[in-house]
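Taken in order, these protein sequences are the chains called U and P.
The opening position of the first sequence corresponds to residue 57 in my numbering, with each subsequent residue numbered one higher.
The opening position of the second sequence corresponds to residue 57 in my numbering, with each subsequent residue numbered one higher.
Even glycine gets a Cβ: it sits at the ideal position worked out from N, Cα and C.
Each remark here refers to the structure printed beneath this line.
Protein chains: 2
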Amino acid sequence: MSDIFTTLASSVRRDILSMLKERDMTAGEISDKLTVTKPTLSGHLNILKSADLVVTERQGTTITYSLNTTVVDELLANLVGLLSSKDEKE
Amino acid sequence: MSDIFTTLASSVRRDILSMLKERDMTAGEISDKLTVTKPTLSGHLNILKSADLVVTERQGTTITYSLNTTVVDELLANLVGLLSSKDEKE
DNA sequence: ACTATAATTTGGTATTTAGCAAAATAACAA
DNA sequence: TTGTTATTTTGCTAAATACCAAATTATAGT
Numbered sequence: 057m058s059d060i061f062t063t064l065a066s067s068v069r070r071d072i073l074s075m076l077k078e079r080d081m082t083a084g085e086i087s088d089k090l091t092v093t094k095p096t097l098s099g100h101l102n103i104l105k106s107a108d109l110v111v112t113e114r115q116g117t118t119i120t121y122s123l124n125t126t127v128v129d130e131l132l133a134n135l136v137g138l139l140s141s142k143d144e145k146e
Numbered sequence: 057m058s059d060i061f062t063t064l065a066s067s068v069r070r071d072i073l074s075m076l077k078e079r080d081m082t083a084g085e086i087s088d089k090l091t092v093t094k095p096t097l098s099g100h101l102n103i104l105k106s107a108d109l110v111v112t113e114r115q116g117t118t119i120t121y122s123l124n125t126t127v128v129d130e131l132l133a134n135l136v137g138l139l140s141s142k143d144e145k146e
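Written out as structure tokens, the structure is:
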């Protein structure tokens, strides 16, 4: 729960998540859409993977990244728990 | 929208938001509950204020902090927009 | 004006993070 | 095994962030 927020603190990583929300993509395809170099992108992908927000599957020389929808849904539930409510007194 | 995530990246700031979710508190009261020094806390409160997540009201020498519930609700809506859905094809 | 209390600002150091180029690894084909 | 493509790891520098102590501001009481 804790490091998910630091994971989301980067706009590059948020952009990646938005793209993967639409469709699965290889690292190269993601790289084509962003301005950072491939090594930099690879670092971001690693962070997303460590946070369990994405999963990977290798097909030959390419690696396809996809959203881990289960964890993303959990994250949203946690966010709502963190910030909403407060309705106890009114 | 962008810097709200960097604002939430700090556990100290998330703790402050959780506390303010329960009740309004002065800077001193918040400080009593946390391990950081007052100057450090003041910096965090400034960041929360700049992100429009909290509002302040001075009463004499004390300053009371409260959640800006309007903006917090907007934030939650944006988060859901960023991460959920993807249901277009299924 | 003087003192006390609450909170913030200033100035500085240390840790973390993001970024790149160059080198390395993985899978495959010839 | 040599070469090619896709991706990652390594090594490094620059920028951002967090933290604290000391100094400062703001308000109220005497």
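Against chain P, a Cβ distance below 7 Å from U:Val136 picks out Leu132. With the criterion set as a beta carbon lying under 7 Å from some beta carbon of chain U, the stretch 97-115 of chain P has no members that meet it. Secondary structure at P:Val92: coil, using DSSP grouped into helix, strand and coil. By the 16-neighbour rule on beta-carbons within 10 angstroms, U:Ala133 is exposed. Taking 8 Å as the cut-off, the Cβ atoms of U:Asn124 and U:Leu109 count as close. Proximity of U:Leu90 to chain P, defined by a Cβ-Cβ separation below 8 Å, is not satisfied.
For P:Thr62, the chain U residues whose C-beta falls within less than 8 Å of its own C-beta are Ala65, listed in chain order. DSSP, read as helix, strand or coil, puts P:Leu109 in coil. By the 16-neighbour rule on beta-carbons within 10 angstroms, P:Arg69 is buried.
Put simply, of P:Thr96, P:His100, P:Met75, P:Arg79 the residue whose alpha carbon is nearest the alpha carbon of P:Lys89 is P:Met75.
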